[in-house]
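S.K.: Residue numbers (the numbering used here): 1 to 146.
Where is the CB? At the ideal position from N, CA and C, for every residue including glycine.
Just so we're clear, the structure is a prediction, and the values are computed from it rather than from any experiment.
Just passing along the structure, written as structure tokens.
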Amino acid sequence: MARRTYRGAQVEVTFDADLCIHAAECVRGLPGVFDRDRRPWILADNASDLDLIAVIERCPSGALQYQHSDGRTEKPAGTTTVTPVENGPLLLRGELKVRGVDGTDEILPRAALCRCGESKNKPFCDNSHLESGFQAPGTPLDHASR
């Protein structure tokens with residue numbers, strides 16, 4: 001699936017469902033903007049630009065990204081960090097160049113990469129670890145994505 005675009009007056013939000021690990025940072029952070037039961041499910045103008053951008057940057061997988069009307073986008077973290085999530089993926093932040101199994105590269109500021117080996121969307125996590133019973137030490141997801 002390709003990125004879908006949701007345009008607001010000042011901020012354009014993009015979403016790639018193939019990257020989403022359903023951490024729900026968006027829904028919890030701004031339920032007036034992100035509502036999975038509504039179509040369109042993202043209404044970018046239902047929050048201030050600063051609040052919207054802050055919540056998007058908490059998305060651990062990079063499924064949500066933004067571009068401001070003046071062309072500004074998220075600045076990747078200066079230092080690349082890798083955080084193992086307890087019983088889940090590796091969360092990465094930084095200027096990431098991720099090569100998919102099809103050989104295409106994607107530049108992302110954030111990514112959730114599979115570490116259970118079961119993902120059907122490698123190298124990205126698709127939550128297969130939940131079904132496979134994967135267990136490994138790490139940081140709880142609700143702390144790792146902040």
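Between residue 109 and residue 140, how many whole angstroms is the CB-CB distance? I'm expecting something under 8 Å.
M.R.: Taking the sequence shown and counting its residues from 1, one reaches residue 109 at position 109. Taking the sequence shown and counting its residues from 1, one reaches residue 140 at position 140. Incorrect: roughly 22 Å between the Cβ atoms, too far for contact.
S.K.: Determine the direct distance from the alpha carbon of residue 130 to that of residue 6, and round the result to whole angstroms.
M.R.: Position 6 of the sequence shown, counting from 1, holds the residue named residue 6. Position 130 of the sequence shown, counting from 1, holds the residue named residue 130. Taking the straight line from one Cα to the other gives about 30 Å.
S.K.: What does DSSP give as the partner residue(s) for residue 42 in the beta ladder?
M.R.: What you label residue 42 is simply residue 42 of the sequence shown in a count that begins at 1. DSSP output for residue 42 lists 34 as bridge partner(s).
S.K.: With C-beta atoms as the reference, is residue 112 less than 8 Å away from residue 98?
M.R.: Indexing the sequence shown from 1 puts residue 112 at position 112. Indexing the sequence shown from 1 puts residue 98 at position 98. Contact flag unset, no.
S.K.: Give me whichever residues DSSP pairs with residue 104 in a beta bridge.
M.R.: Residue numbering aside, residue 104 sits at position 104 when the sequence shown is read from its first letter. For residue 104, which the question treats as bridged, DSSP gives no partner whatsoever.
S.K.: Quick check: what's the CA-CA separation for residue 33 versus residue 72?
M.R.: The residue you call residue 33 lines up with position 33 of the sequence shown. The residue you call residue 72 lines up with position 72 of the sequence shown. Cα-Cα distance, rounded: 20 Å.
S.K.: Quick check on residue 64: does DSSP put it in helix, strand or coil?
M.R.: Walking along the sequence shown from the start, residue 64 turns up at place 64. Strand, per DSSP.
S.K.: With DSSP as the reference, please indicate the residues paired to residue 84 in a beta bridge.
M.R.: Counting from one through the sequence shown, the residue named residue 84 turns up at place 84. According to DSSP, residue 84 bridges with 90.
S.K.: Kindly list the residues whose CB is nearer than 6 Å to the CB of residue 90, restricted to its own chain and excluding five residues on each side of it in sequence; keep chain order.
M.R.: Reading the sequence shown from its first residue, position 90 is the one you call residue 90. The residues are 82, 84, 113 and 115.
S.K.: Assign residue 107 to one of two classes, buried (16 or more other C-beta atoms within 10 Å of its C-beta) or exposed (fewer than that).
M.R.: Numbered from its first residue, the sequence shown carries residue 107 at position 107. Exposed: under 16 other Cβ atoms inside 10 Å.
S.K.: I need the DSSP call for residue 28, collapsed to helix, strand or coil.
M.R.: As a first step, residue 28 must be located in the sequence shown, where it is residue number 28. Three-state result, residue 28: helix.
S.K.: Express the C-alpha separation of residue 61 and residue 101 in angstroms, rounding to a whole number.
M.R.: Locating residue 101 in the sequence shown gives position 101, counting from the first residue. Locating residue 61 in the sequence shown gives position 61, counting from the first residue. Each residue's Cα considered, the two are about 18 Å apart.
S.K.: May I ask which residues mark the beginning and end of the alpha helix (DSSP H) holding residue 12?
M.R.: Counted from its first residue, the sequence shown places residue 12 at position 12. Note, residue 12: premise wrong, no alpha helix (DSSP H); beta strand (DSSP E) at 11 to 15.
S.K.: Report all residues from its chain with a CB closer than 7 Å to the CB of residue 122; omit the five preceding and five following residues, and keep chain order.
M.R.: Stepping through the sequence shown from its first residue, residue 122 is reached at position 122. Same-chain partners within the cutoff: 101 and 114.
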